[in-house]
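Participant:
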Amino acid sequence: MDPFLFLESLTLAETEWARVLLLRDYNTRIVLCGTMILGVASGVVGALMLLRKRALVADVASHAALPGIGAAYLIMEAIRPDSGRWLPGLLLGATVSASCGLLFAQGMRHIRRIKEDAALAITLSLFFGMGVVLLTWIQSLPTGHAAGLNEFIFGKAAALLASDITGIAIAAVIAVSVVALLRKEFCLLCFDAEYAHAGGWPVTGLDLLLTALVIVITVVGMQSVGLLLVVALMVLPPTAARFWTDRFDPLVWFSGGFGGAAAALGVLLSALVPKFAAGAVIVLSGTFLFALSFLFGSQRGLWWRYRAMSAAQRQIAIDDLLRACYEILEPQLGSIEELTEKPLTQAALLETHRWSPKRLRPLLHRAELADLLRRDSQGNWRLTADGRRAAIQAVRYHRLCELYLIHYADVPLLGADRTADAFEHSLRPEILEQLEAMLEAQSPRFSVPANPHAATETVARTPRPEAVS
Amino acid sequence: MNVFWSDWSAIDTWIVITAALAAMACALPGTFLLLRRESLMGDALSHATLPGMVLAFLVLNAATQAGWLTPAGMTAWRHPALFVGAAISGVLCGLLAELLQRWGRMEPSAALGVVFTSLFALGLLLIRTWADQAHIDPGCVLYGNLEMVIADPFGQSGIPRAVVINGAMLAVNATLLLLFYKEIKLCTFDRDLARSLGIPADRVHLMLLAMTGATVVAAFESVGSILVIAMLVAPPATALLLSDRLGGVLIGALIVAVVTAFGGHLAALALPVMLHRWAGAAEASSVSTAGMMAVVAGGLFLTTWFLSPRYGLLRQRLDQARLRRRILSEDILGVLYRLEELRPAAVPGADNASLAATLSVAPWRLWRALSRLTQRGWIVAGGQGVILTPEGRKAARDLVRSHRLWESYLAKHFVIPDRRLHTLAEAAEHFVGPKIQEALAEELEQPVRDPHGATIPPSTAS
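Residue numbers (our numbering), protein chains in the order written: chain A, 30 to 498; chain B, 2 to 463.
#1: Determine the closest residue to A/Gln344 out of A/Ile244, A/His92, A/Ala396, with distance taken between C-alpha atoms.
#2: To be precise: take each residue of the segment 139–157 of chain A, compare its Cβ to all Cβ atoms of chain C, and keep it if any distance is under 9 Å. Which residues remain?
#3: Could you tell me whether the Cβ atoms of B/Leu61 and B/Ala87 are closer together than 7 Å?
#4: Which parts of the segment 169–219 of chain B are runs of the alpha helix (DSSP H), unbroken and 4 residues or longer, counting only runs that do not cross its ends?
#5: Which whole-angstrom value is the C-beta distance of B/Thr216 and B/Cys27, which I expect to be below 8 Å?
#6: Taking only three categories from DSSP, how would you classify B/Val416?
#7: At a Cβ threshold of 7 Å, is B/Glu108 touching chain A?
#8: Tell me, to the nearest whole angstrom, how far the beta carbon of A/Val264 is from that of B/Gly313; I am working on the premise that it is less than 8 Å.
#9: What are the partner residues of A/Arg404, as DSSP defines its beta bridges?
#10: Judging by CA-CA distance, which residue of A/Val86, A/Gly97, A/Ala101 is the nearest neighbour of A/Leu131?
#11: Looking at the unbroken beta strand (DSSP E) that takes in B/Leu389, where does it start and where does it end?
#12: Check whether the Cβ of B/Val164 lies closer than 7 Å to any Cβ atom in chain A.
#13: What number of angstroms, rounded off, separates the C-alpha of B/Gln385 from the C-alpha of B/Ala347?
#14: Please state the DSSP three-state secondary structure of B/Ala347.
#15: Using 7 Å as the limit for Cβ to Cβ distance, is A/Thr240 near chain B?
#16: Along chain A, in chain order, which residues have C-beta atoms closer than 9 Å to that of B/Leu100?
#17: Using only the alpha-carbon positions, how far apart do A/Leu362 and B/Leu93 sit?
#18: Since B/Ala455 is in the beta strand (DSSP E), which residue starts that stretch and which ends it?
#19: Between B/Thr304 and chain A, is the shortest Cβ-Cβ distance under 7 Å, so that the two count as touching?
#20: The segment 282–313 of chain A: which residues have C-beta closer than 9 Å to a C-beta of chain B, in chain order?
#21: Hey, B/Asn174 and B/Ala219: beta-carbon distance below 7 Å or not?
#22: Within 10 angstroms of the Cβ of B/Glu439, are there 16 or more other Cβ atoms? Answer buried if so, exposed if not.
#23: Against chain A, does B/Phe121 count as a neighbour if the rule is that its beta carbon must be under 7 Å from one of theirs?
#24: What separation, rounded to the nearest whole angstrom, lies between the Cα atoms of A/Glu37 and A/Val302?
#25: Using the rule of at least 16 other Cβ atoms within 10 Å of the residue's Cβ for burial, across every protein chain shown, is A/Glu370 buried or exposed?
#26: Once you ignore the five residues that flank A/Ala123 on each side, which residues in its own chain have a CB closer than 6 Å to its CB?
#27: Using a Cβ-Cβ cut-off of less than 8 Å, list which residues of the segment 322–350 of chain A approach chain B; keep chain order.
#28: For the beta strand (DSSP E) containing A/Gly444, list its first residue and its last residue.
#29: Is the beta carbon of A/Leu189 closer than 7 Å to that of A/Glu214?
#30: Classify B/Gln376: buried if its beta carbon has 16 or more other beta carbons within 10 angstroms, exposed otherwise.
#31: Using a Cβ-Cβ distance under 7 Å, would A/Leu34 count as near chain B?
#32: Specify whether the segment 138–146 of chain A and the segment 261–276 of chain B touch according to this definition: at least 3 beta carbon pairs, one from each stretch, less than 8 Å apart.
#33: Tell me, please, whether the CB atom of B/Trp407 is closer than 7 Å to any CB atom in chain A?
#34: Leaving out five residues before and five after B/Ala163 in sequence, what residues of the same chain have Cβ atoms less than 6 Å from its Cβ?
#35: My output table needs one value for B/Ala382: the three-state DSSP class, helix, strand or coil.
#36: Hey, does B/Met2 have any beta-carbon neighbour from chain A nearer than 7 Å?
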């Protein structure tokens, strides 16, 4: 397609936009309604499957439904010719064979060697193979045309009929109300199946019920929107919702909402842009929502995590800088008050901490902005009052950690410095208090413990302090 | 069967060879997918390669329209370009899933599901929007055109192109495996150990992923995605039930793959004829060979699951039945011994009814156990029904000794109510051999009486 034509089709006359967005079009209304209901229901059920760590069961169910469709067609043709495409019969066949497939996969769990993913994959290939054999056979029959059966695989979202909606709505209402009624039980099942079992809940029964819900949604969805879309609608919304919340109820309803939103977005886009197949666009809308959540989701979104991590890294760098300042000045100090009076050269800083000049400069700049360091008239650096306090604290934490490591974790003296570097920044206050109490026996200079490396002999001679209760 | 053999032609031979080569090529990376618990990767890749193929096609088309490629050149470049495009998007799928797992802390199957559904939808959208004329028939990708391999020979030779491609892929896979066998093995079973030994685990993983992607893509075109999905998982899983060593599993998977290809084609030829002849079904010209091979692969797995000498269902059931029989026999001996001990003056032995009631077993089980014991010469008819022979008494004393020693041991070391002691010892007595007996007796300083006051019989060995 010519890109200009494409752009043109996007900038349609305003009336066209209004017509689609205000749902004046009967067909759009039907499709929107059907896919949204399906999206909500599959989002809700998919959330449970995600928490149960069986996100791809829907994929297996949808493939395993295929031989049932073929078999149902053949049986119905055998009973009465030309009745093979009677929909309820096909749906029944699909349901039966999907159920067989998932039960088969569950049965394979008893083989110790075969893990769950392999059981699912074997089921998928076996049933799908049977389905392909049956469908190709039907196609080659003189009386049979598999036309219409293929729709089960690729879907026809854009050609939904009002009668399809009834089926979808019934399935969706059943699924959502079962989840709402058995909320507590499903929650227990998803988070601690063994505890639920020990508590006397029928875990196997609940699992079967959940599987049945998946099958119902899959079969209904396959027939209306295609195999792939229904799988996507069960996987994408819950994974997206997972980035927004850590609680069960919000997750389930968020997921339903995302499913509905993806369907709506996809249908509207495909109505606006000709040639956009509704099924694919709905999935891609779901992908878009997922990507958005993955990056900006309030709970585990990448962006927030990145922000938090870089803030922590900045804080650590500043702490290290101040500690370096203290350690440079330490030999010259008479009293702790002199800390602010002695000048520091950049060369000395570079030497102490193996910073590159390129890294040190912005670091010093940030410390200056935070009013921790200042430049004196000779161009040397000096600690401010705030800087002194922060430096004392940083050194104190570091040495407490080092002493703890040397005395209690039997870390050799040389390794203690590096090991302490790794975790001194993430200690909680109560642990620091305990460390302080533990090391009180040593009378510290300036309320900062002495550098264990400078005073190796004294530390070695000090009796090992008793552990703090 | 003669009917099928008489119809067998060079075409059939080539079909089986192609399928066997593709299946073997898939079985090698499939083994590692199985061990890494990523078996659904096959299904994911079969969907995820679509956008790559469509994009490659679009690029070729654009190049032709711009005049950089002649139409003849385009035909020549078509296959390699589609191959590269598909392989790239397959590897991309694996990498994206890995990335979502790491950065989003997602569960592996969910991450895979997100990626492959999205990529497939993207591919569909591209087809419908820009490549309507692309002749990429989704059905063809699905079922493959295994039946038509002969129609597409490689150069001037009579060998089908698919045979050459899949054979080359098999050779590449086998070479890579042989070269990096140790590294791949280590990374599969213990990634952290591999990393600490300085093996670049991430790079090995990437190599496996690329290997899988390329193999799968090479096989798709000739045998269809359904067969690839099946061949990635079913032969390795079958072999895993038969062997405990990685080398054994790999070789087993290769053999199973060949058997599957042959059996699948045979079944595809035979099934329509059989159904027509015996079930009166309508005559059908053919069924999908690839689909049939997938079914045969699943069937082979199921058969192995039933019959495998070590992990088979049948073997498990037989072992359980044997154990149950042994326990029942020993229980009968125990009951007879205790009766003798309890009433030394009375007529010894017990009849079937009272034994069945005491042990609460079905009469036929009891009858079978009694006849086995009689055969071994441990009991004979006599007294009130059956009585112990001297041989049988020795075995019974051994068992009762185990029982009472175990009770004493539990009573000494654990706080267990007295009436529970008997139940626990009842279960354990069958598994306390002479060595443990000796150790228990030593630990308890050669006890004479158990906690209930009954005499612990002396060791039969002494």
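Yeah, the Cβ is synthetic: ideal placement off N, Cα and C, and Gly gets one too.
Facilitator: With the structure as the only source:
#1: A/Ala396
#2: Of the protein chains in the structure, A and B, none is chain C.
#3: no
#4: 182–190, 192–197
#5: 6 Å
#6: coil
#7: yes
#8: With a Cβ gap of about 35 Å, A/Val264 and B/Gly313 do not count as contacting.
#9: A/Trp410
#10: A/Val86
#11: 386–389
#12: no
#13: 10 Å
#14: coil
#15: no
#16: By Cβ distance, chain A contributes nothing, its closest Cβ being about 10 Å from B/Leu100, past 9 Å.
#17: 59 Å
#18: Careful: B/Ala455 lies outside any beta strand (DSSP E) and carries neither H nor E.
#19: no
#20: Val302, Lys304, Phe305, Ala306, Gly308, Ala309, Val310, Ile311, Val312, Leu313
#21: no
#22: exposed
#23: yes
#24: In this prediction, A/Glu37 scores a pLDDT of 49, lower than 50, which makes its location untrustworthy; the coordinate-derived value is nonetheless stated afterwards. Looking at the two C-alpha atoms, the distance is approximately 10 Å.
#25: exposed
#26: Ala94, Gly97, Ile98, Val248
#27: Phe323, Arg329, Leu331
#28: Not the beta strand (DSSP E): A/Gly444 falls in the alpha helix (DSSP H), residues 442–452.
#29: no
#30: exposed
#31: Below a pLDDT of 50, predicted positions are generally treated as unreliable, and A/Leu34, at 48, falls in that range; the measurement from the model is reported next regardless. Judged by the 7 Å Cβ criterion, A/Leu34 is not in contact with chain B.
#32: no
#33: no
#34: Thr19, Val150, Ser223
#35: strand
#36: Note that B/Met2 scores a pLDDT of 47, beneath 50, so its modelled location is shaky; the value from the coordinates is reported in the next line. Output row for B/Met2: interface = no.
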